[in-house]
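Worksheet: the structure to be examined is printed underneath.
2 protein chains.
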Amino acid sequence: MAKAYEQIADKLREAIRAGQLAPGDRLPAETDLVKEHRRSLPTVREALRLLQDEGLIEKQHGRGNFVRRPRTPVLRTNLRHQWEKDRAREPEQQRSQTGATEHDTGLQVNDLVFHAHYGEAKADGSLAQDFGIPEGAALVERIYRTRYAVESAPFALVSSYLVRDLVAENPDLLDESKEPWPGGTQNQLLTVGIELDRIEERINARPPTPEEAEELELPPGTSVILLRKISYDTHNRAVEISDVTLPGDRTEMLFTTPLERW
Amino acid sequence: MAKAYEQIADKLREAIRAGQLAPGDRLPAETDLVKEHRRSLPTVREALRLLQDEGLIEKQHGRGNFVRRPRTPVLRTNLRHQWEKDRAREPEQQRSQTGATEHDTGLQVNDLVFHAHYGEAKADGSLAQDFGIPEGAALVERIYRTRYAVESAPFALVSSYLVRDLVAENPDLLDESKEPWPGGTQNQLLTVGIELDRIEERINARPPTPEEAEELELPPGTSVILLRKISYDTHNRAVEISDVTLPGDRTEMLFTTPLERW
DNA sequence: GAGTGGTCTAGACCACTGT
DNA sequence: CAGTGGTCTAGACCACTCC
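First to last, the sequence lines map onto chains A and B. The numbering of the first sequence is the UniProt record's numbering, which starts it at 1 and goes up by one. The numbering of the second sequence is the UniProt record's numbering, which starts it at 1 and goes up by one.
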């Protein structure tokens with residue numbers, strides 16, 4: 001004997017999967033579902049919550065419950081790293097034309113709004129481990145937000161860390177008024193004589209915290225992808241670490257691994 | 001004026017973050033929270049649901065609500081692909097010792113239980129596009145489950161597809177009784193003269209469907225990572241596609257991108 | 001103002017866990 | 001059996017959207 005709210009949810013879910021309720025369609029009003037199933041309102045709402053947690057529907061206060069439309073994804077490729085490295089040595093004129101986000105989204109520089117904030121931080125346990133430095137060592141912390149000009153929510157929340165001692169000889173790297181830096185992080189590192197050898201990226205997924213949901217404008221029923229990017233230089237030192245929080249409902253990541261030939 | 005259930009959730013969330021409630025601890029009984037906050041039971045339960053959706057707590061019927069313990073992650077590296085390629089040409093004796101999952105988890109072959117099911121499928125729109133073949137073309141579909149011997153839930157749900165015409169000349173590849181195949185997919189492809197050139201992996205994240213939650217034994221408040229792996233051969237043909245569903249709460253993926261030197 | 005979803009109550013009864 | 005969470009009811013009132 002299945003529970004009442006599951007029966008209601010099953011019926012609606014089936015209608016959505018079968019296409020009887022198409023993306024964007026409004027579901028019957030909650031009070032109508034109450035009549036139709038001869039159940040109480042909280043029971044109907046419990047069923048709708050199930051569907052919301054699965055990302056199938058979206059509630060709009062005062063308007064109704066709607067079948068959710070998939071958002072168009074932003075593709076993030078690991079080819080971007082080589083592309084960024086190649087670009088780092090080009091003349092500034094060239095570098096300022098476009099950045100990695102434009103590379104991913106296919107948008108123009110003018111479509112994007114960029115915001116940066118610089119600060120100081122001390123290495124916590126996990127940063128210290130990944131940098132291979134003692135806990136509490138001084139870091140430069142840079143916080144980035146990039147968004148479409150026409151949308152209010154950013155694509156991603158980015159915290160980037162550099163070891164302060166490594167970059168201290170170029171004071172521009174400690175100055176947020178220099179952002180957006182033409183040529184990106186790899187060009188910044190080049191100014192203090194650092195060449196990158198490889199990039200490691202670690203990926204996790206989980207539901208958003210309330211703060212993340214707020215800032216990325218994530219509806220319930222979505223996930224965030226957590227990406228820690230570690231850049232190693234040619235001496236095998238970790239020289240930069242970025243923690244990136246990406247909305248799972250619009251981000252697609254693509255990694256290409258070349259294999260040696262026989 | 002914050003909502004009642006948010007106030008209750010905030011207070012508990014704060015206690016968890018501050019460590020006053022440690023992982024594994026039991027929260028006060030729901031009826032006690034009702035008395036403490038002078039609210040009704042559904043309101044208290046609403047607050048607890050918020051925390052559950054954030055993955056912070058776990059409900060155990062008849063026992064209580066508990067602060068969730070993080071599960072130990074399984075690390076999945078893209079180095080596994082080169083490792084598998086190298087292994088594909090080794091003698092069978094060698095190949096049967098260990099597989100890619102053991103490589104990722106650090107476990108022994110005997111710790112793992114392996115299940116495979118073979119069938120036929122027709123290429124849907126997305127598979128046809130990624131294979132570069134017409135929709136409806138015949139594929140071999142292989143469904144895999146791998147789990148720890150001591151746990152009931154598999155690590156991952158895997159559906160692997162091969163173009164039937166490409167592998168028809170080795171009938172063993174159409175026979176599930178030959179699983180687990182020592183040396184894995186790359187060795188299978190070698191038997192029909194295919195060498196891989198590169199692997200592409202596309203990653204998404206979203207909440208689990210009820211079916212996925214059931215099979216992976218995912219509690220509410222977790223995400224799944226969706227991985228589509230496309231193997232290209234040396235003639236730039238897509239020769240194998242795997243769709244992998246991974247539990248977000250225990251899976252960590254690591255990709256290393258080497259960069260060309262200046 | 002009519003229609004919709006959002007919050008909340010007070011209480012009943014069921015199902016599971018442990019002693 | 002006592003203690004706990006799970007399901008459900010019948011109804012009230014609030015807040016938002018759209019006409």
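Don't be surprised by glycine CBs; every beta carbon is placed ideally from N, CA and C.
Assign B:A205 to one of two classes, buried (16 or more other C-beta atoms within 10 Å of its C-beta) or exposed (fewer than that). Here residue 205 of chain B refers to the residue found at position 205 of the second sequence. It is buried - the Cβ of B:A205 has at least 16 other Cβ atoms within 10 Å.
Taking a cut of 8 Å between CB atoms, which residues from the region 225-252 of chain B lie near chain A? Hits within the stretch, in order: I225, T234, G248, D249, T251 and E252.
Which of the three DSSP states, helix, strand or coil, is assigned to B:Q20? Counting from one through the second sequence, the residue named residue 20 of chain B turns up at place 20. B:Q20: coil per DSSP, three-state reduction.
Given a limit of 7 Å on CB to CB distance, which residues of the region 163-193 of chain B reach chain A? Contact residues of the region 163-193 of chain B toward chain A are absent (C-beta to C-beta distance below 7 Å).
Classify A:P208: buried if its beta carbon has 16 or more other beta carbons within 10 angstroms, exposed otherwise. As a position in the first sequence, residue 208 of chain A is number 208, starting the count at 1. Under a 10 Å Cβ-count criterion, A:P208 is classified as buried, with 16 or more other Cβ atoms of the shown protein chains found around its own Cβ.
Should B:D75 and A:R198 be called a contact, given that it needs their Cβ atoms to be closer than 8 Å? As a working note, residue 75 of chain B is residue 75 in the second sequence. As a working note, residue 198 of chain A is residue 198 in the first sequence. The question names Asp, yet the displayed sequence has Leu at residue 75 of chain B. Between B:L75 and A:R198, the C-beta spacing is not below 8 Å.
Beta carbon of A:L227, beta carbon of A:V244: below 8 Å? Taking the first sequence and counting its residues from 1, one reaches residue 227 of chain A at position 227. Taking the first sequence and counting its residues from 1, one reaches residue 244 of chain A at position 244. A contact, by the Cβ cut-off of 8 Å.
Tell me the DSSP bridge mates of A:H117? Taking the first sequence and counting its residues from 1, one reaches residue 117 of chain A at position 117. The partner list for A:H117 (beta bridge, DSSP) reads A:I143.
Just to confirm, are B:L218 and B:P171 a CB contact at a threshold of 8 Å? For the purposes of this step, residue 218 of chain B is identified with residue 218 of the second sequence, where counting begins at 1. For the purposes of this step, residue 171 of chain B is identified with residue 171 of the second sequence, where counting begins at 1. Contact check for B:L218 against B:P171 fails: the beta carbons are separated by 8 Å or more.
Please state the DSSP three-state secondary structure of A:I8. For the purposes of this step, residue 8 of chain A is taken as residue 8 along the first sequence, with counting starting at 1. Note: A:I8 maps to helix in three-state DSSP.
Pair within 8 Å by beta-carbon distance, B:T256 and A:E200: Residue 256 of chain B sits at position 256 when you count from the first residue of the second sequence. Residue 200 of chain A sits at position 200 when you count from the first residue of the first sequence. In this structure, A:E200 lies closer than 8 Å to B:T256 by Cβ.
Which residues, in chain order, does the region 212-224 of chain A contribute to contact with chain B at a C-beta distance below 8 Å? Going along the region 212-224 of chain A in chain order, one finds P220, G221, T222, S223 and V224 with a Cβ nearer than 8 Å to chain B.
Quick check on DSSP: helix, strand or coil for A:Q97? Along the first sequence, read from residue 1 onward, the residue named residue 97 of chain A stands at position 97. Collapsing the DSSP output to three states places A:Q97 in coil.
Count the other CB atoms within 10 Å of the CB of B:H81; is the residue buried (16 or more) or exposed (fewer)? Residue numbering aside, residue 81 of chain B sits at position 81 when the second sequence is read from its first letter. With 16 or more Cβ atoms within 10 Å of its Cβ, B:H81 is classed as buried.
Quick one: what does DSSP say A:N78 is sitting in, helix, strand or coil? Taking the first sequence and counting its residues from 1, the one referred to as residue 78 of chain A is at position 78. Note: A:N78 maps to coil in three-state DSSP.
Here's the rule: buried if 16 or more other CB atoms are within 10 angstroms of the residue's CB, otherwise exposed. What is A:P70? Along the first sequence, one-based indexing puts residue 70 of chain A at 70. A residue is called buried when at least 16 other Cβ atoms come within 10 angstroms of its Cβ; A:P70 does not meet this threshold and is exposed.
Look at the Cβ atom of B:P154, then the Cβ atom of B:Q52, and state whether they are nearer than 8 Å. By 1-based counting over the second sequence, the position of residue 154 of chain B is 154. By 1-based counting over the second sequence, the position of residue 52 of chain B is 52. By the CB criterion at 8 Å, B:P154 and B:Q52 fall outside the cutoff.
By Cβ distance, which residues of its chain are closer than 7 Å to A:R45, with the 5 residues on each side in sequence left out? Position 45 of the first sequence, counting from 1, holds the residue named residue 45 of chain A. Within the same chain, and ignoring the five residues on either side of A:R45 in sequence, the residues whose Cβ sits closer than 7 Å to its Cβ are E30.
Would you call A:S40 buried or exposed, if buried means 16 or more other Cβ atoms sit within 10 Å of its Cβ? Against the first sequence, residue 40 of chain A aligns to sequence position 40. Exposed, since its Cβ has fewer than 16 Cβ neighbours within 10 Å.
So, at 6 Å on beta carbons, what are the nonlocal neighbours of A:W181 in its own chain, with the 5 sequence-adjacent residues on each side left out? Position 181 of the first sequence, counted from the first residue, corresponds to residue 181 of chain A. Closer than 6 Å at the Cβ level, and outside the excluded window around A:W181, lie Q188.
What residue range does the beta strand (DSSP E) around A:A123 cover? The residue labelled residue 123 of chain A in the question sits at position 123 within the first sequence. Note, A:A123: premise wrong, no beta strand (DSSP E); not H, not E.
In chain order, which continuous runs of the alpha helix (DSSP H) of length 4 or greater are located wholly inside the region 157-240 of chain A? If one requires a minimum length of 4 residues, the alpha helix (DSSP H) runs lying completely within the region 157-240 of chain A are 164-167, 184-190 and 210-215, in chain order.
In whole angstroms, what separates the C-alpha of A:L254 from that of A:L166? Position 254 of the first sequence, counted from the first residue, corresponds to residue 254 of chain A. Position 166 of the first sequence, counted from the first residue, corresponds to residue 166 of chain A. Those two C-alpha atoms are separated by around 31 Å.
Please classify B:D243: does DSSP put it in a helix, a strand, or coil? Within the second sequence, numbered from 1, the residue matching residue 243 of chain B stands at position 243. Three-state DSSP puts B:D243 in a strand.
Less than 8 Å between CB atoms is the rule here; does A:A205 satisfy it with respect to chain B? Position 205 of the first sequence, counted from the first residue, corresponds to residue 205 of chain A. It does; some Cβ of chain B falls within 8 Å.
Does B:K85 have its Cβ less than 8 Å from a Cβ in chain A? The residue you call residue 85 of chain B lines up with position 85 of the second sequence. Nearest CB-CB separation between B:K85 and chain A: below the 8 Å threshold.
Note down, in chain order, every chain A residue with its Cβ under 8 Å from the Cβ of B:I16. Here residue 16 of chain B is taken as the residue at index 16 of the second sequence, counted from 1. Chain A residues near B:I16: none, gap ~12 Å exceeds 8 Å.
Looking at chain B, is there any beta carbon in it that lies within less than 8 Å of the beta carbon of A:P134? For the purposes of this step, residue 134 of chain A is taken as the residue at position 134 of the first sequence. Output row for A:P134: interface = no.
Compare the Cα-Cα distances from B:V140 to each of B:S152, B:F114, B:T185 and B:D25 and report the closest residue. The residue you call residue 140 of chain B lines up with position 140 of the second sequence. That would be B:T185, whose Cα lies nearest to the Cα of B:V140.
Tell me which same chain residues have a C-beta within less than 7 Å of the C-beta of B:E6, skipping the five on either side of it? Working through the second sequence from its first residue, we reach residue 6 of chain B at position 6. Within the same chain, B:E6 has no close Cβ partners at all.
Residue range of the beta strand (DSSP E) that A:L254 falls in? Start at 1 with the first residue of the first sequence, and residue 254 of chain A comes out as number 254. Its beta strand (DSSP E) spans residues T251 to P258.
With DSSP as the reference, label A:L41 as helix, strand or coil. Locating residue 41 of chain A in the first sequence gives position 41, where the first residue counts as 1. Helix, per DSSP.
How about B:I203 and A:E252: are their beta carbons less than 8 Å apart? One-based indexing of the second sequence puts residue 203 of chain B at position 203. One-based indexing of the first sequence puts residue 252 of chain A at position 252. The answer is yes: Cβ separation under 8 Å.
Limits of the beta strand (DSSP E) - the one that A:G64 falls within: Along the first sequence, read from residue 1 onward, the residue named residue 64 of chain A stands at position 64. A:G64 -> beta strand (DSSP E) spans G64 to V67.
Using a Cβ-Cβ cutoff of 7 Å, what residues of the region 51-82 of chain A are near chain B? List them in chain order. Under the 7 Å Cβ criterion, the region 51-82 of chain A contributes D53, E54, G55, N78, H81 and Q82.
Quick test of your reading: B:D130 and B:I194, contact by CB under 8 Å. State the CB separation rounded to the nearest angstrom. To locate residue 130 of chain B, count along the second sequence from 1; it is residue 130. To locate residue 194 of chain B, count along the second sequence from 1; it is residue 194. The pair is not a contact, with the Cβ atoms about 17 Å apart (cut-off 8 Å).
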